[in-house]
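Read through the structure below, which is laid out as structure tokens, and then see the notes.
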Amino acid sequence: MTATQQNQIKDNSPVRFISACRLPTQWGEFTMYGFEDVRNKQEHIALTVGDVSSGAPVLGRIHSECLTGDALFSRRCDCGPQLEAAMKAVQKAGRGVIVYLRQEGRGIGLLNKIRAYKLQDEGMDTVEANLALGLPIDARDFSLAKYILDFLSIGSVQLMTNNPHKVDTLKASGINVVKRVPLHVGQNPENQQYLHTKMEKLGHFAN
């Protein structure tokens with residue numbers, strides 16, 4: 001057991017660092033860190049570029065897993081394009097972090113997401129579909145990112161997001177969000193209602 005892991009256990013952190021490696025991508029090379037939520041064995045990662053522990057604010061994104069958008073290129077949402085844009089942005093800046101949380105479907109899971117999509121095919125919006133299934137509108141736990149950022153010695157971020165809940169949660173968790181950086185990409189005819197619902201019912205920023 002490393003000293004860092006001993007400190008995490010002593011501090012009752014729910015996140016345990018596992019290992020790190022190089023991750024070469026089409027946009028450049030990242031360092032990829034693996035973490036485990038000790039409460040439920042959920043696995044999360046962080047991607048970094050450059051020296052993120054210098055104390056200066058770090059350009060970053062907290063991205064929730066979206067298999068359909070990130071890996072299957074679904075046009076029902078803007079998740080995949082947002083992840084791609086964030087990876088490009090931190091590479092261009094030469095310094096940054098992306099925390100990738102395994103919280104599929106705003107925390108409801110992949111199979112429930114498919115059930116919700118079916119209701120959306122029948123005319124409901126994303127909020128109505130979750131509620132019709134007896135599911136929370138948003139079950140994600142963004143506070144997990146605080147422990148990951150702490151491990152990486154990141155105390156302040158310029159956060160790429162359109163979601164005010166992320167900003168509020170990170171601030172409440174003790175992360176200094178010094179600036180919100182809009183991330184409006186991936187709009188297409190298939191996700192117009194989805195993006196409108198996020199603005200009208202979930203309070204996402206339009207710019």
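In full-length UniProt numbering, the protein residues as written are 1 to 207. Positions of the beta carbon are idealized from the N, C-alpha and C atoms, including for glycine.
Using DSSP with H/G/I as helix, E/B as strand and the rest coil, what is residue i?
i	result
M1	Residue confidence for M1 is low, a pLDDT of 36 falling below 50, so the modelled location carries little weight; the figure read from the coordinates is stated next. M1 falls in the coil class under three-state DSSP.
Q91	helix
L23	strand
L202	coil
G69	helix
V99	strand
Using a Cβ-Cβ cutoff of less than 8 Å, which residues in the same chain neighbour residue i once the five nearest sequence positions on both sides are dropped?
i	result
A139	Q103, R106, G107 and I108
R39	P14
K146	L170, S173, G174 and I175
Going by other Cβ atoms of all chains shown within 10 Å of its Cβ, with 16 needed for buried, is residue i buried or exposed?
i	result
Q192	exposed
M1	Residue placement at M1 is poorly supported in this model, since its pLDDT is 36, which falls under 50; the coordinates still yield a value, given next. That one is exposed.
K41	exposed
D78	buried
M199	exposed
F30	buried
So residue i is in the beta strand (DSSP E); what residue range does that whole segment cover?
i	result
N176	N176 to V181
T31	G28 to D37
G105	Segment: none, G105 is in no beta strand (DSSP E) and carries neither H nor E.
E43	E43 to V49
S53	First-last for S53: undefined, no H or E at that position.
R61	V58 to S64
Please work out which residues of its chain come closer than 6 Å, Cβ to Cβ, to residue i, disregarding the five sequence neighbours upstream and downstream, and give them in chain order.
i	result
N163	H204
K88	W27
N188	R75
R61	A86, I98 and M160
Residues in the same chain with beta-carbon distance under 7 Å from residue i, minus the five sequence neighbours each way, listed in chain order, please.
i	result
E190	R75 and R76
L83	H63 and D70
Of all Cβ atoms in chain D, is any one closer than 8 Å to the Cβ of residue i?
i	result
G55	No chain D is part of this structure, which consists of one protein chain only.
Discussion item. For a minimum of 4 consecutive residues, which ranges assigned as the alpha helix (DSSP H) are wholly contained in the segment 113-195?
Written reply: With a minimum length of 4 residues, the continuous alpha helix (DSSP H) runs that stay inside the segment 113-195 are 126-132, 144-151 and 164-172.
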